[in-house]
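Participant: Note that numbering that gives the first Met the number 0 has the sequence shown beginning at 0, numbered continuously upward. C-beta atoms are modelled at their ideal positions from N, C-alpha and C, and glycine is treated no differently. Quick one: the structure is below, questions incoming.
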Amino acid sequence: MHKSLATSIALTLGFIAVATPAATQAGQPIIGPTGHEAKGKVVSPLDPVPGSLTLGGEFSQHLQGIYLDSITPFWRPGDVTIFLNTRNTYNDSHQYESSNGLGVRYLVPNYDVIFGGNVFYDSIDSQFDNQFRSVGFGAEILTRWVDARFNYYLPASDDILAGNDTRKRTSRSTNAEGVTTTRTRVQKFRTLEASLEGWNAEIGFLIPGLDRYMETRVFGGYYHYNHPFASDYEGFKARLEAHFLPGVIGNVEWWNDSYLNGGHWTTDVRVSVPFSFFNLFSGRNPFEGASESFRPRQREFRERVSDMVIRSHRVKTVKSGAIETSDRTSTNRRNPVPTTVAPPTQPPSSPLLPFFS
């Protein structure tokens, strides 16, 4: 598990180290919130849109977890921002997930509209000590008043053995002739673990009036996950998201199936600050502007280009019931041991016996 985490971090830093100098050399004019160029100032495409670093926790009735999420823009042609998104999640069920993705967001010039798409490669160390791989695809539309998103999850690993079990039962019976019959039944079982394939979607809106004090959205959605061993998981879900401050976000979510999130209700609390690898490599403060994340204010719409990508990161695998692999019965009969009757004992003869007759 620690090796997977170290590998994920190393790949992230390596990718950024290669991408950043290339982006720096391809400098272009700053693009403002409306897509207009700032005259006379030419910088890297990284500079106009900083990335973000988010630390959060998720809490439900039977499952708690923490995560670290980062968005790192590395190329910005025009009003399009292309970024690397990594996330590491650890749950108290001993499940660890590392997600590495590539995302793109297009800020429509002169409009508060963002179109986005992403692809992810997920690595899962499950609670049953198995390793799974899956691929995820997502699409999103973010506007001032309405948001919508769709995510699909496709397993890239076969079912994996999760355990073996042997059950032995013995019975004995004796008939009228004294024959004892012993029957021994040996059954062997195995359990399998598999990653879930499926999708979820949601649509929500900004609550009017309340947005003047706190950016708050309410969502409704639906999900469907294929269960390889039993009935599928499907149903409705709902979510309430509130920005108490620009960088302090609370989230309450309800799913119809409690297994998928460790309970019907899940609470998420996270802190997000700007983080720029471009600044880091340029000798500047990588957390430049972080103080704005903790000042009560209304966010500019363009700041949403660095918002965390919303996906499902909780239970990603399922375990089968006991699957019988063999059933053998052996029979052993024992006949009664014959009883030997000893002949009657005769008294010993005596030579004096005639004198007394």
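Taking buried to mean at least 16 other C-beta atoms within 10 Å of its own C-beta, is alanine 5 buried or exposed?
Facilitator: Here residue 5 refers to the residue found at position 6 when the sequence shown is read from its first residue. Legend: pLDDT at alanine 5 = 49, less than 50; position of this residue unreliable, value from coordinates given subsequently. So alanine 5 counts as exposed.
Participant: Going by DSSP, which residues form a beta bridge with phenylalanine 218?
Facilitator: Residue 218 sits at position 219 when you count from the first residue of the sequence shown. Gly203, Arg238, per the DSSP bridge assignment.
Participant: Would you kindly check if the distance between the Cβ of arginine 332 and the Cβ of valine 185 is under 8 Å?
Facilitator: Along the sequence shown, one-based indexing puts residue 185 at 186. Along the sequence shown, one-based indexing puts residue 332 at 333. In this structure, arginine 332 does not lie closer than 8 Å to valine 185 by Cβ.
Participant: Look at the alpha carbon of glycine 115 and the alpha carbon of glycine 208, and state the distance between them as a whole number of angstroms.
Facilitator: Here residue 115 corresponds to residue number 116 of the sequence shown, with the count starting at 1. Here residue 208 corresponds to residue number 209 of the sequence shown, with the count starting at 1. So the two alpha carbons sit approximately 27 Å from each other.
Participant: Which residues in the same chain have their Cβ closer than 6 Å to the Cβ of tryptophan 144, if we skip the five residues on either side of it in sequence?
Facilitator: Locating residue 144 in the sequence shown gives position 145, where the first residue counts as 1. Excluding residues within five positions, the ones whose Cβ falls inside 6 Å are Phe204, Leu205.
Participant: Secondary structure at serine 325, three-state DSSP: helix, strand or coil?
Facilitator: Taking the first residue of the sequence shown as 1, we reach residue 325 at position 326. It is a strand residue.
Participant: Determine the burial state of leucine 195: buried for a count of at least 16 other Cβ atoms within 10 Å of its Cβ, exposed for fewer.
Facilitator: Here the question's residue 195 lines up with position 196 in the sequence shown. Result: buried.
Participant: Who does asparagine 174 pair with in a DSSP beta bridge?
Facilitator: Reading the sequence shown from its first residue, position 175 is the one you call residue 174. In DSSP, asparagine 174 forms no bridge with anything.
Participant: Nearest-angstrom Cα distance between lysine 236 and leucine 153?
Facilitator: As a working note, residue 236 is residue 237 in the sequence shown. As a working note, residue 153 is residue 154 in the sequence shown. Near 20 Å, if we compare the C-alpha coordinates of leucine 153 and lysine 236.
Participant: In whole angstroms, what separates the C-alpha of alanine 289 from that of threonine 142?
Facilitator: Residue 289 sits at position 290 when you count from the first residue of the sequence shown. Residue 142 sits at position 143 when you count from the first residue of the sequence shown. Approximately 24 Å, taken between the alpha carbons.
Participant: Can you tell which of Glu252, Gly135, Pro76, Pro49 has the C-alpha that lies nearest to the C-alpha of tyrosine 442?
Facilitator: As shown, the chain starts at 0 and ends at 356. That puts residue 442 outside it, with no answer to give.
Participant: Helix or strand or just coil, what does DSSP make of glutamate 96?
Facilitator: The sequence position of residue 96 within the sequence shown is 97, counting from 1. Assigned with DSSP and collapsed to three states, glutamate 96 falls in strand.
Participant: Could you tell me which whole alpha helix (DSSP H) segments of length 4 or greater appear in the region 142 to 189?
Facilitator: If you keep only unbroken alpha helix (DSSP H) runs of at least 4 residues inside the region 142 to 189, you get nothing at all.
Participant: Reducing DSSP to helix, strand and coil, say where aspartate 68 ends up.
Facilitator: Counting from 1 along the sequence shown, the entry for residue 68 is found at position 69. Aspartate 68 falls in the strand class under three-state DSSP.
Participant: Can you tell me whether lysine 167 is buried or exposed? The criterion is at least 16 other CB atoms within 10 Å of its CB, across all chains shown.
Facilitator: Walking along the sequence shown from the start, residue 167 turns up at place 168. With fewer than 16 Cβ atoms within 10 Å of its Cβ, lysine 167 is classed as exposed.
Participant: Using DSSP bridges, identify the partner residues of proline 273.
Facilitator: As a first step, residue 273 must be located in the sequence shown, where it is residue number 274. Note: proline 273 sits in a beta bridge opposite Ser51.
Participant: Looking at C-alpha atoms only, which residue of Ile248, Arg104, Phe228 is the closest neighbour of aspartate 158?
Facilitator: Position 159 of the sequence shown, counted from the first residue, corresponds to residue 158. Checking every option, the nearest Cα to that of aspartate 158 belongs to Phe228.
Participant: Measure the alpha-carbon distance for glycine 56 versus proline 273 and round it to whole angstroms.
Facilitator: Your numbering for residue 56 matches position 57 in the sequence shown. Your numbering for residue 273 matches position 274 in the sequence shown. About 19 Å.
Participant: Spatial neighbours of lysine 315 within its chain, please: C-beta separation below 8 Å, excluding the five flanking residues on both sides.
Facilitator: Position 316 of the sequence shown, counted from the first residue, corresponds to residue 315. Answer for lysine 315: Gln94, Glu96, Asp121, Ile123, Ser125, Phe131, Ser133, Tyr152, Ser194, Leu195, listed in chain order.
Participant: Pick helix, strand or coil for serine 230, following the three-state DSSP scheme.
Facilitator: The count along the sequence shown starts at 1 and reaches residue 230 at position 231. Note: serine 230 maps to coil in three-state DSSP.
Participant: Note down the Cα distance separating glycine 261 from serine 325, rounded to an integer number of angstroms.
Facilitator: Within the sequence shown, residue 261 is the residue found at index 262, counting from 1. Within the sequence shown, residue 325 is the residue found at index 326, counting from 1. Spanning the two alpha carbons is a distance of roughly 34 Å.
Participant: According to DSSP, simplified to helix, strand and coil, what is arginine 313?
Facilitator: As a working note, residue 313 is residue 314 in the sequence shown. Secondary structure of arginine 313 (DSSP, three-state): coil.
Participant: By DSSP, does arginine 104 sit in helix, in strand, or in coil?
Facilitator: Counted from its first residue, the sequence shown places residue 104 at position 105. Reduced to three states, the DSSP call for arginine 104 is strand.
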